[in-house]
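Line by line, the protein sequences are chains A and B.
Just so you know, we're using my numbering here: the first sequence kicks off at 9 and counts up by one.
Just so you know, we're using my numbering here: the second sequence kicks off at 38 and counts up by one.
Yeah, the Cβ is synthetic: ideal placement off N, Cα and C, and Gly gets one too.
This structure is a prediction, so every number in the text was calculated from the model and none was measured.
Beneath this line is the structure, given in C-alpha cells, with notes to follow.
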Amino acid sequence: MTTETRLPTEHAVEELDRVTIRFAGDSGDGMQLTGTQFTKTTAVFGNDLATLPDYPAEIRAPTGSLPGVSGFQLSFSSSDIRTPGDQPDVLVAMNPAALKTNVGDLRTGGLLIVDKDEFNATNLKKAAYSVNPLEDGSLAKFQLVPIDITRQNELALEGTSLSSKDKFRSRNFYALGLILWLYDRSMDTTVRWATEQFKRRPEVLDANLKALRAGYNFGETTELFRVRYQVAPAQVAPGKYRHISGNEATALGFIAASVQSGLPLFYGSYPITPASDVLHELSKHKNFGIKTFQAEDEIAAIGAAIGASYGGHLALTGTSGPGLALKSEALNLAVMTELPLVVINVQRAGPSTGMPTKTEQSDLLQAMYGRNGDSPVAIIAPATPSECFFMAIEACRIALKYMVPVIFMSDGYLGNGSEPWRIPLMSELPKVEYHYAPSDGNFSPYKRDPETLARPWAVPGQKGMEHRIGGIEKSAATGDISYDPRNHHEMTLARAERVARIARDIPLMEITGPSTGDLLLLGWGGTYGAITSAAEAARKRGLNVSSAHIRYLNPFPSNLGDVLSGFKKVMIPELNNGQLSLLIRGKFLVDAVGFNKISGQPFKIAELEGKIDEMLGLAGPYTFDFGQSASLGG
Amino acid sequence: MTTPTIHAADLVNGDLPVLSRKDFVSNQEVRWCPGCGDYSILAQMQKLLPELKIPREKIVFVSGIGCSSRFPYYVETYGFHSIHGRALTIATGLKTARPELTVFVITGDGDGLSIGGNHLLHAMRRNVDLNVILFNNRIYGLTKGQFSPTSEFGKVTKSSPYGTVEAPLNPIRVALAAGATFVARSVDRDIKHLEETLFQATQHKGMSFVEVYQNCNIFNDGAFAAFTDKEVRQERMIYLQDGKPLRFGNEMQHGVRLNGFTPEVVENAAGESGLLVHKTDSDNPTLANILVGMDYPAFPVPVGVFRSVQRPSYDELVQQQVDDAVAKSPPHFEELLNSGETWEVN
Chain A
9 MTTETRLPTE
19 HAVEELDRVT
29 IRFAGDSGDG
39 MQLTGTQFTK
49 TTAVFGNDLA
59 TLPDYPAEIR
69 APTGSLPGVS
79 GFQLSFSSSD
89 IRTPGDQPDV
99 LVAMNPAALK
109 TNVGDLRTGG
119 LLIVDKDEFN
129 ATNLKKAAYS
139 VNPLEDGSLA
149 KFQLVPIDIT
159 RQNELALEGT
169 SLSSKDKFRS
179 RNFYALGLIL
189 WLYDRSMDTT
199 VRWATEQFKR
209 RPEVLDANLK
219 ALRAGYNFGE
229 TTELFRVRYQ
239 VAPAQVAPGK
249 YRHISGNEAT
259 ALGFIAASVQ
269 SGLPLFYGSY
279 PITPASDVLH
289 ELSKHKNFGI
299 KTFQAEDEIA
309 AIGAAIGASY
319 GGHLALTGTS
329 GPGLALKSEA
339 LNLAVMTELP
349 LVVINVQRAG
359 PSTGMPTKTE
369 QSDLLQAMYG
379 RNGDSPVAII
389 APATPSECFF
399 MAIEACRIAL
409 KYMVPVIFMS
419 DGYLGNGSEP
429 WRIPLMSELP
439 KVEYHYAPSD
449 GNFSPYKRDP
459 ETLARPWAVP
469 GQKGMEHRIG
479 GIEKSAATGD
489 ISYDPRNHHE
499 MTLARAERVA
509 RIARDIPLME
519 ITGPSTGDLL
529 LLGWGGTYGA
539 ITSAAEAARK
549 RGLNVSSAHI
559 RYLNPFPSNL
569 GDVLSGFKKV
579 MIPELNNGQL
589 SLLIRGKFLV
599 DAVGFNKISG
609 QPFKIAELEG
619 KIDEMLGLAG
629 PYTFDFGQSA
639 SLGG
Chain B
38 MTTPTIHAAD
48 LVNGDLPVLS
58 RKDFVSNQEV
68 RWCPGCGDYS
78 ILAQMQKLLP
88 ELKIPREKIV
98 FVSGIGCSSR
108 FPYYVETYGF
118 HSIHGRALTI
128 ATGLKTARPE
138 LTVFVITGDG
148 DGLSIGGNHL
158 LHAMRRNVDL
168 NVILFNNRIY
178 GLTKGQFSPT
188 SEFGKVTKSS
198 PYGTVEAPLN
208 PIRVALAAGA
218 TFVARSVDRD
228 IKHLEETLFQ
238 ATQHKGMSFV
248 EVYQNCNIFN
258 DGAFAAFTDK
268 EVRQERMIYL
278 QDGKPLRFGN
288 EMQHGVRLNG
298 FTPEVVENAA
308 GESGLLVHKT
318 DSDNPTLANI
328 LVGMDYPAFP
338 VPVGVFRSVQ
348 RPSYDELVQQ
358 QVDDAVAKSP
368 PHFEELLNSG
378 ETWEVN
C-alpha cells in the first residue's frame, strides 16, 4: 500500500480519471525497467491499468540512434480500462532520438519531460535534428519541462564509488522517482524490488535508491510542476490482486493444468521472441515436477514434446510464428497419432523474421491450415494478458479430453502486456482430467470414445497394450498401417469430427451490448480491449453498435452464426490482412468487412471509432494516420 | 568393455520376465525386400531382447522415415514410427519424461545424418540414454536409389548420373566428434558380432551409437562386400577388442602400429611388440579418431566398440534437478499463485 505522503502546499493537486504515460529512451537507458516499476507501484496502489512495452529487436542499437529507442507505455485509471491508451498524456524522453520518435503521439497540451542534458550536438545529430527542438519553439503545443536529469543525477551520486558510466545508468531511477512524485505514488514497491534485485551489489543498490529519492525530491522541492496529479484507485471486485503479464499468466496456467490434472508437465522450446519468457518462467518451477527442454531447434522442441506426450505427460511446446512454421510437419504427426499436445504461439509481425518485437495476429490461417493434408487442430486465443491463465488451462483440458493438438494463440501485445489480476482461489480452478487406456483387455489404438471420438491413450509401461503408432495412416479397426481407400476417407472425417465436437463443450459467444443492431464488431485475441472500448464509446454516442470476441477459433462456438445474424453489418478488426474475415465469410456467407492494421502496433480506440463511423455512414472512408513517428522504437 | 548394468527401474519388484525371441515378434508381415540386410538386424535384435530381462511394455522403439524405420512395426514392444529425421527428438522427449523406459532409436544414413543430422549431434552431446542404431546402406532405398550423405565420392545413382561431387560423412567420426559416450560399428552379415555389439550397446548407460553396415541388395548391392564377405572378412576387417593389440588376418598374423600419428599395417606381425593396443575407455579420444580413419583398401576396416566412456546421462541429470527442487521446496501452487507483490481489495 502507499505510504502517507505529505503534500507540499505550493503544489495544487488535480484529480484525474485516467492518465497515459510513455517512457522513452535509448535501449540502454532502462526504460522497460522504469515502466515496469511504475506499473507495479500503480497496480499495488489499486488503479486499473494496461501496458504496452515496445522495444527494438536490437539489444543495443547504436547509442542515441533512432532505431535504438525503447519505449514503455502504460495507462492507469480509477475505473475499468482495457487498453494502454491511444495517446500518451505524458512523455518522458531521455534523449533527442526518443523525443523524435515519440512526440508525434503525445496529445496536444500533454506534459513533455526531457533530459535536456542529452540534447547536445552529438545526440541531436544522431536523431537528425538540425536545430535543438527545445529551443526552436517547435514543441510549443506541449507543456515542455526540460530538466537536467543527467547532471542532477550525477550530483545525487557524488561520493559514491560508481564510475561515471554506472552513474549515468541510474538516470532511469531518477526519472522514475520524479514521475512517482508527480502522480503521488509511493517509492516502497520499487525500494523493495531493488533491495532484492541488487542484494549482491550493494553499491549499485545504494546508487539506484539515491537516484530514485533524488528524482522524487526534485519534484517536491522545485517549482517546475504547477500541480501534481492523483488518480484514485479503481472500484474492482474484492479479492487479492497481483500484477501479471500475459506470458507469466500463460506459464502459471500451464502449471495449474499440471497441478489440476496430476500429470507431470513437459515443455520443449527453442528460444524465440516474444515467447521465450514462457520457457524462462516454467524452467524456474522444477519443484512442480516440470521438465523443460531447451531444444536444438524448433522441430526438436515439438518432437520432444510429442515424445513426452506419448510417454503420458502433459506436453507443451512454445514458439512464435516462424517457429510454428518449422513445427508444422511434426504438429501433423501429433494430428495423425492423435496425441494430446499444446502448442503456444506468441505471434509477432511476419512474414519471415518480420518484426520480432512487434505484435500481430497474422498466424491464424497458418494455425488453421498451415499443414499438409486435411489436418484439423483445436485453436483457442486469450483476449487479455491475465486471461492467458485460464485459457492455458483450457488448452490442456481440451487436448487431454479429445486427444488432440491445441494451438494457443497469444501475441506479443498479450504476452508482454500486463494488468492487475485478481488471484483465483484454488476452488475456482477448473478440473482437468485425463484417462490412460483402461486395462480391460479390449485395447485397440484407434478405438474411439463414442462421445468425444478420442482414441485411448496407452502409454509405455502399460502391460498388454504394446502397439505401434506413427505418421502413416492407420486402420480404424486394428491400428495397423492401412492404405485402404475407405479407411482413409473415414479416418479423415473422424479427425475432423472429433475437433468439431469440441464445440459441444465450450462456452457460447457472448455479445457486449444489445444482441441486434446496426453493426457488430467481431474480434479475436489481443484486440479485445480496443474493440470492446470502441463499441462501448459508440453506444455512448447513441449508435447501435455491439461487440463480440471469439476465444475459440476452431471449432467456433456453436452460436456464432446466430450472433452474426442479429446485425445489419459486421466489421472484423484484425492486426492482419483479413484472416478471420476469410474464415467468417467462408463459413457463414456473411458480407463481413475487414478492418485491417498491419503496423506491428495494436489498435487505437479512435481508429476503430473512425471505421465505425464510416460503416454507419457518419463519415467518409477511414484511413490510418500512422504519422511520421507513430511507432516507438526501431 | 563396459560393465554390464541393468537399470534398476526396469525391474518390476525383482520379478524378471522370462521371455523368448518369439515374444518380440509382432504379428505384422515384414515388408523389406527379400535379401535385405535389415532382416538380419531385426533377427539379432529379437534374439537379444529377451536377454535384457526387461518387460516388453517398458521397451520402446522409435524410428524416423526410410526402409530401416519400418523396424518398430516388427517388434512386439511399444513403437513409434515418426517423421523423417526426427526420431531422436521424440526419443529424447520420451526418455527425458520417462527415464525408466528402455528406448531404442532406429535410423538410417539419410534419416540420421542428412535430414536429422542436427538432432544426432545434440542427442550425442547431451548423452541421452538411448540406444541408437544407424543402418548405413550408403543409399536412399525407400525413395528408390538416390545418393546419401554416406555415399562414396563420385557415386553414380539416379540423382547423380555423372557421379556425386560431394565427400561422404563417416558416422563414427561424427559420433566421436559430438562426444558420444558409446560408439561402435558392426555388419549385418556378421551376425554373431552384430548381436554381441548390440548387446553391449544396450548395457551402456548414456547414449550408445551403433553403425551397422547394411546391404541394400536392390539399389546398392555389394556396397560393403569387398571386406564383409565371409571369405575375405578376416583379412579385410579388424575386430576391435578392448585391451588387446590390433591384430587381423586369417591367422591373426597381421597387426597395426602407429608411425607418428599415422597408423600402418605390419604384415606377419607375430613377434611385433609395438602394435597399437585398443582401449575403449580412454579419456582421450585420439586413438578412436585414428582408428576411424582406417578404411578399405588401404587398411582393414575396424568394427566393434571404438569408444565407451561414462558420463552422467541427460535424462538422469534432468530428473535429479527435479528431484532436488521438489525436496528443497515441495510444490505449493496456491503459494506460487500468491507470490510476488500482492494487494487486497475489500
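Under a Cβ-count criterion, where at least 16 other Cβ atoms within 10 Å of its own Cβ denotes burial, should residue i be classed as buried or exposed?
| i | result |
| --- | --- |
| Leu235(B) | buried |
| Cys70(B) | exposed |
| Leu273(A) | buried |
| Ser573(A) | exposed |
| Asn50(B) | With a pLDDT of 45 at Asn50(B), under the threshold of 50, the predicted position of this residue should be treated as unreliable, though the coordinate-derived value follows. Exposed: under 16 other Cβ atoms inside 10 Å. |
| Thr11(A) | Caution is warranted here: a pLDDT of 44 is assigned to Thr11(A), below 50, making its placement in the model unreliable, and no coordinate value can be reported. |
| Leu74(A) | buried |
| Asp599(A) | exposed |
| Lys267(B) | exposed |
| Pro629(A) | exposed |
| Glu518(A) | exposed |
| Val235(A) | exposed |
| Gly227(A) | buried |
| Glu459(A) | exposed |
| Ala135(A) | buried |
| Lys173(A) | exposed |
Could you give the residue range of the beta strand (DSSP E) that holds residue i?
| i | result |
| --- | --- |
| Trp69(B) | No beta strand (DSSP E) holds Trp69(B); DSSP gives it neither H nor E. |
| Phe274(A) | 273-277 |
| Thr281(A) | Here Thr281(A) belongs to no beta strand (DSSP E), and DSSP marks it neither H nor E. |
| Pro493(A) | Element bounds for Pro493(A): not the beta strand (DSSP E) but the alpha helix (DSSP H), 493-508. |
| Glu231(A) | Segment: none, Glu231(A) is in no beta strand (DSSP E) and carries neither H nor E. |
Just reading off the alpha helix (DSSP H) that residue i is part of, what are its end residues?
| i | result |
| --- | --- |
| Tyr536(A) | 536-548 |
| Pro339(B) | Segment 338-345 is the beta strand (DSSP E) holding Pro339(B); no alpha helix (DSSP H) there. |
| Pro104(A) | 104-110 |
| Gln356(B) | 351-365 |
| Gly521(A) | That residue, Gly521(A), is in no alpha helix (DSSP H); it is neither H nor E in DSSP. |
| Val52(A) | 39-53 |
| Gly315(A) | 306-318 |
| Val329(B) | 323-329 |
| Ala556(A) | Premise fails: Ala556(A) lies in the beta strand (DSSP E), 553-558, not in any alpha helix (DSSP H). |
| Val571(A) | 568-573 |
Which of the three DSSP states, helix, strand or coil, is assigned to residue i?
| i | result |
| --- | --- |
| Thr325(A) | strand |
| Gln124(A) | With the sequence shown as reference, residue 124(A) is identified as Lys, and Gln is not the correct amino acid for it. Lys124(A): helix per DSSP, three-state reduction. |
| Ile415(A) | strand |
| His159(B) | helix |
| Glu268(B) | coil |
| Phe236(B) | helix |
| Gln151(A) | strand |
| Thr139(B) | strand |
| Gln95(A) | coil |
| Arg676(A) | Because residue 676(A) is not part of the residues shown, which for chain A are 9 to 642, the question remains open. |
| Gly216(B) | coil |
| Thr17(A) | The pLDDT assigned to Thr17(A) is 44, lower than 50, so where the model puts this residue is not dependable; a value taken from the coordinates is nonetheless given after this. Three-state result, Thr17(A): coil. |
| Met244(B) | coil |
| Leu260(A) | helix |
Below 7 Å CB to CB, which residues in the same chain sit around residue i once its five sequence neighbours on both sides are set aside?
| i | result |
| --- | --- |
| Glu306(A) | Tyr278, Thr327, Gly331, Leu334, Lys335 |
| Tyr333(B) | Ala263, Phe264, Arg273 |
Ordered along the chain, which non-local residues of its own chain (more than five positions away) have a Cβ less than 6 Å from that of residue i?
| i | result |
| --- | --- |
| Asp361(B) | none |
| Thr59(A) | Thr47, Leu82, Pro92, Gly425, Ser426 |
Got a sec? Which residues, its chain only, sit under 8 Å from residue i by beta carbon, not counting five neighbours each side?
| i | result |
| --- | --- |
| Leu231(B) | Ser77, Ile78, Gln81, Ser223, Val224, Asp225, Val249 |
Within the region 581-609 of chain A, ranges of the beta strand (DSSP E) (whole runs, at least 3 residues): 601-604
Which whole runs of the beta strand (DSSP E) in the region 273-307 of chain B are 3 residues long or more, in chain order? 274-276, 291-296, 299-303
Completely contained beta strand (DSSP E) runs for the region 165-200 of chain B, where each covers 3 or more residues: 168-173
Tell me the start and end of each unbroken beta strand (DSSP E) in the region 339-368 of chain A that is at least 3 residues and wholly inside, in chain order. 349-355
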